[in-house]
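Visitor: This is the structure I have questions about; it appears just below.
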Amino acid sequence: GVIGERLAAAGLEAADVFFVPSFNLTDLAANHPDPAERDGGHEVFLDMLDFARRIGAPGMTMNGGVPIEGQSTSDSLKLSAQELARRVEAAAAHDIEVRVEASVNSNTPTPEMALELVDAVPGLKLTIIGESEVHPLLEHAAHFQCRGAAPGRMQVNFQENTIDYRDILERLMARGYDAYFSIEYVWIDVWDCNRTENTMETIQFRDFVKAVLAGEEYAPQA
Numbered sequence: 034g035v036i037g038e039r040l041a042a043a044g045l046e047a048a049d050v051f052f053v054p055s056f057n058l059t060d061l062a063a064n065h066p067d068p069a070e071r072d073g074g075h076e077v078f079l080d081m082l083d084f085a086r087r088i089g090a091p092g093m094t095m096n097g098g099v100p101i102e103g104q105s106t107s108d109s110l111k112l113s114a115q116e117l118a119r120r121v122e123a124a125a126a127h128d129i130e131v132r133v134e135a136s137v138n139s140n141t142p143t144p145e146m147a148l149e150l151v152d153a154v155p156g157l158k159l160t161i162i163g164e165s166e167v168h169p170l171l172e173h174a175a176h177f178q179c180r181g182a183a184p185g186r187m188q189v190n191f192q193e194n195t196i197d198y199r200d201i202l203e204r205l206m207a208r209g210y211d212a213y214f215s216i217e218y219v220w221i222d223v224w225d226c227n228r229t230e231n232t233m234e235t236i237q238f239r240d241f242v243k244a245v246l247a248g249e250e251y252a253p254q255a
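Residue numbers (this note's numbering): 34 to 255.
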């Protein structure tokens, strides 16, 4: 396909496909109480799975579920696990991993709940953004996203970042992690994500990661 050809021409590889079945996250959600909604989400997933296969992506990251009014936590996780198990099975036929990005806007807003969901679905992996509390989840990581952040601020520049990514990288290396460590800066007009020069911050973190992998210290650029 065109995208695969352009990636190859640029010497790039697809690290991951981020799957969102609807702009309204409740519609087609993996944990939607209506079976027709879940089936609709699954059909969209299968279409995107074919896209991921065609561009050679090793995995697909997605929201494992969302908070739905009136739905208990146990029912939410149970429905998510059932749907994600279907997706894991379908993706495994193409050697593609299914990865869940647990977040405050999902039905797994804590590391403990994310681990509960992963344990309920054999083969399910995690796309992780680092915090010290996620250390127990690192053994399930298949894709890691790095972004400068600080208490109360979703995105900051390298100098203001308070997450110990050196420690995270060293823990991943000790586990023999050999997948992608991506740098994810965004520009959106919410959550203070419009206050950084993203190209510069991406370069800062790229050079920092290279230094850590080489066992060297890193001096931030002015």
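Even for Gly, the Cβ is constructed at its ideal location relative to N, Cα and C.
In this text the structure is predicted, and so the values were computed from the model without any measurement.
If you drop the 5 nearest sequence neighbours on each side, which residues of the same chain put their C-beta closer than 6 Å to that of H127?
Guide: Sequence index remark: in the sequence shown, residue 127 carries index 94 (1-based). Within the same chain, H127 has close Cβ partners R86.
Visitor: If contacts are defined as beta-carbon pairs under 8 Å, then L117 and L157 qualify, I think. What distance do you get, rounded to the angstrom?
Guide: Position 84 of the sequence shown, counted from the first residue, corresponds to residue 117. Position 124 of the sequence shown, counted from the first residue, corresponds to residue 157. The pair is a contact, with the Cβ atoms about 6 Å apart (cut-off 8 Å).
Visitor: Assuming W224 and M187 form a contact by the criterion Cβ under 8 Å, report the distance between their Cβ atoms to the nearest whole angstrom.
Guide: In the sequence shown, counting from the first residue as 1, residue 224 sits at position 191. In the sequence shown, counting from the first residue as 1, residue 187 sits at position 154. Beta-carbon to beta-carbon, W224 and M187 are separated by about 4 Å, close enough to satisfy the 8 Å threshold.
Visitor: If we count Cβ pairs, one from each stretch, closer than 8 Å, do we get three or more for the segment 104-121 versus the segment 144-161?
Guide: yes
Visitor: Can you have a look at P142 and say buried or exposed, based on whether 16 or more other CB atoms are within 10 angstroms of its CB?
Guide: As a position in the sequence shown, residue 142 is number 109, starting the count at 1. Exposed: under 16 other Cβ atoms inside 10 Å.
Visitor: State the DSSP-derived secondary structure class of T94, mapped to helix, strand or coil.
Guide: Sequence index remark: in the sequence shown, residue 94 carries index 61 (1-based). If DSSP states are grouped into helix, strand and coil, T94 belongs with the strands.
Visitor: So is G209 buried or exposed if we call it buried at 16+ other beta carbons inside 10 Å?
Guide: On the sequence shown, residue 209 is found 176 positions in, with the first residue counted as 1. Exposed is the call here.
Visitor: Please classify D49 as buried or exposed, where buried requires at least 16 other C-beta atoms within 10 Å of its C-beta.
Guide: As a position in the sequence shown, residue 49 is number 16, starting the count at 1. So D49 ends up on the buried side.
Visitor: CA-CA distance, T235 and M206?
Guide: Counting from one through the sequence shown, the residue named residue 235 turns up at place 202. Counting from one through the sequence shown, the residue named residue 206 turns up at place 173. So the alpha carbons of these two residues sit roughly 21 Å apart.
Visitor: Leaving out the 5 sequence neighbours to the left and right, which residues in its chain are closer than 6 Å to K243 when beta-carbon positions are compared?
Guide: Residue 243 sits at position 210 when you count from the first residue of the sequence shown. No residues qualify anywhere along the chain.
Visitor: Output the residue ranges of the alpha helix (DSSP H) runs that lie fully inside the segment 150-207 and measure 4 residues or longer, sorted by chain position.
Guide: Entirely contained in the segment 150-207, the alpha helix (DSSP H) runs reaching 4 residues are, in chain order, 198-207.
Visitor: Measuring only the C-alpha atoms, how far is A41 from A90?
Guide: Indexing the sequence shown from 1 puts residue 41 at position 8. Indexing the sequence shown from 1 puts residue 90 at position 57. For A41 and A90, the distance between alpha carbons rounds to 12 Å.
Visitor: Going by DSSP in three states, E116 sits in which element: helix, strand or coil?
Guide: As a working note, residue 116 is residue 83 in the sequence shown. Looking at E116 - three-state DSSP - the assignment turns out to be helix.
Visitor: Taking the C-alpha atoms as reference points, what is the distance between L79 and G37?
Guide: By one-based count along the sequence shown, residue 79 stands at place 46. By one-based count along the sequence shown, residue 37 stands at place 4. Using only the alpha carbons, I get a separation of about 18 Å.
Visitor: Would you call S109 buried or exposed, if buried means 16 or more other Cβ atoms sit within 10 Å of its Cβ?
Guide: Looking up residue 109 in the sequence shown gives position 76. When all chains shown are included, S109 counts as buried.
Visitor: In this structure, what does DSSP give as the bridge partners for I216?
Guide: Looking up residue 216 in the sequence shown gives position 183. Answer is C179.
Visitor: For G34, which option in Y218, I88, G73 has the closest C-alpha, if you only look at C-alpha atoms?
Guide: As a first step, residue 34 must be located in the sequence shown, where it is residue number 1. It is I88 whose Cα lies nearest to the Cα of G34.
Visitor: Could you tell me which of D72, G248, F52, Y251 sits nearest to E130, measuring between CA atoms?
Guide: Reading the sequence shown from its first residue, position 97 is the one you call residue 130. Among D72, G248, F52, Y251, the Cα nearest to that of E130 is on F52.
Visitor: Between the C-alpha atoms of R132 and V121, what's the straight-line distance to the nearest angstrom?
Guide: Taking the first residue of the sequence shown as 1, we reach residue 132 at position 99. Taking the first residue of the sequence shown as 1, we reach residue 121 at position 88. Cα to Cα, R132 sits roughly 9 Å from V121.
Visitor: So that I know if they touch, is there some Cβ in chain D lying closer than 8 Å to that of A182?
Guide: Of the protein chains in the structure, only one exists, and it is not chain D.
Visitor: Do A62 and G74 have their CB atoms nearer than 8 Å?
Guide: Along the sequence shown, one-based indexing puts residue 62 at 29. Along the sequence shown, one-based indexing puts residue 74 at 41. Yes.
Visitor: Would DSSP call R39 helix, strand or coil?
Guide: Position 6 of the sequence shown, counting from 1, holds the residue named residue 39. Helix at R39.
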